[in-house]
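Have a look at the structure below, then the notes.
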Amino acid sequence: FESHTTTGPTEIVVVQPNFEPHYEKFNVPDDRQLERFLHLADSAVTPQTRVLVFPETSFGPLRDRELGKDRLTRKLQQYVDQHPQLELIAGLSVYHLFANDEPRTPYVRSRVRTPGDTLFWESYNAAVQFVPGRDTVPIYRKSKLVPGAEFLPYRRIFFFLEPLVNKLDGSIAGLGVQPSRSVFTDANGIGYAPVICYESVFGEYHTGYIRAGAQVGLIMTNDGWWDNTAGHKQHLRYASLRAIETRRPFARAANTGISAFIDQRGDIHQPTAYDEAVAVRGTVLPNDRITFYVRWGDLIGRLALFTAIVLLLNNFVKGRLRKGGASE
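Residue numbering for the sequence shown follows my numbering, starting at 3 and increasing by one per position.
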């Protein structure tokens, strides 16, 4: 095996803030969380660092049109403005408010404020990119959602489960998604795949990032929901599979879990410990070559399914012929 790179090494810093997700993460004020994020970032960022990665749902909910302008994300924008060589890619909880004449999606939620005045909005599990000196903030919407927590399958059939889903902090409406994968591109033209948590599990789905121009994968996740069990370790290993399939390096930022760097052959480097607040600096080798798997997807699985169907039909026909011959 030989690693291939198109642009030379790229330095990345991933931040693992380590806020316990059940009782701490969503109860600690954003300002206090931001202090820890930036303190950890300062401990690892160098003048050579090109990308800083924050994990899934680092902050929020935040309105999409106010990103980079509201009090909290303005501080994030100021941070990258102070480091002109640096771009920040962060997982955020984002929402969109619909205007009265704006077309609504299947994921819209509503609340009656006063008679005749209804608020319509849509929520996203998103990744965003902060670039020095740029006013607009590109948004990627997670589109492979966790059943139960982020959407309810067959919601028209299971509508009666809405009270239970709401009690468990889920949603019948689900989160907003986007139709295809997209990437964030840095000043050097390198494309980064913003892979949010559950999206890293699906191989053929992940090839959409590569076809969109991704040369490096960034996995943003929050694996503390499993606590210190085998779950967060297994989730990390999926990143190795995606690296092997696509020959892309990965930088993985976990709120709680294991943050690490994964090279093109799937080897894991600099893994953090569980329940550790830390920032890790590493180097990746961007790659733009298209692998057989990216081009053809789960071809082996399809061939295996086709072969199984042919064999079953063959056995069925032979059995019928034998019965027919015996009856004569």
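All C-beta atoms in this analysis are idealised placements derived from N, C-alpha and C, irrespective of residue type, glycine included.
Here the structure is a predicted model, which is why all the values come from computation and not from measurement.
- About 20 Å separates the beta carbon of glutamate 124 from that of tyrosine 156, a gap too long to meet the 8 Å contact definition.
- The beta carbon of asparagine 190 lies closer than 7 Å to those of Thr9 in the same chain, with the five residues before and after it left out.
- The alpha carbon of arginine 67 has as its nearest neighbour, out of Phe161, Leu78, Phe100, the alpha carbon of Phe100.
- Under the DSSP definition of a beta bridge, glutamate 13 partners with Thr51, Thr285.
- The C-beta distance from threonine 48 to arginine 283 rounds to 7 Å, short enough to meet the 8 Å contact threshold.
- Within the model, the alpha-carbon separation for phenylalanine 162 versus leucine 154 is close to 11 Å.
- Taking a C-beta distance under 8 Å as the contact criterion, proline 288 and aspartate 265 do not qualify as a contact pair.
- Between leucine 90 and valine 82 a beta carbon distance of about 5 Å is seen, short of the 8 Å cut, so the two are scored as contacting.
- Rounded to the nearest whole angstrom, the CA to CA distance from alanine 214 to threonine 309 is 32 Å.
- If the five residues before and after proline 23 are omitted, its C-beta is found closer than 8 Å to the C-beta atoms of Asn224, Gly226, Trp227, Asn257, Thr258, all from its own chain and listed in chain order.
- Secondary structure note for serine 125: its beta strand (DSSP E) is the uninterrupted segment 119-132.
- Take lysine 27, set aside five residues on each side of it, and the residues of its chain with a beta-carbon closer than 6 Å to its own are Phe21, in chain order.
- Under DSSP, the beta-bridge partners assigned to arginine 143 are Ala128.
- A direct Cα-to-Cα measurement between valine 203 and alanine 306 gives close to 21 Å.
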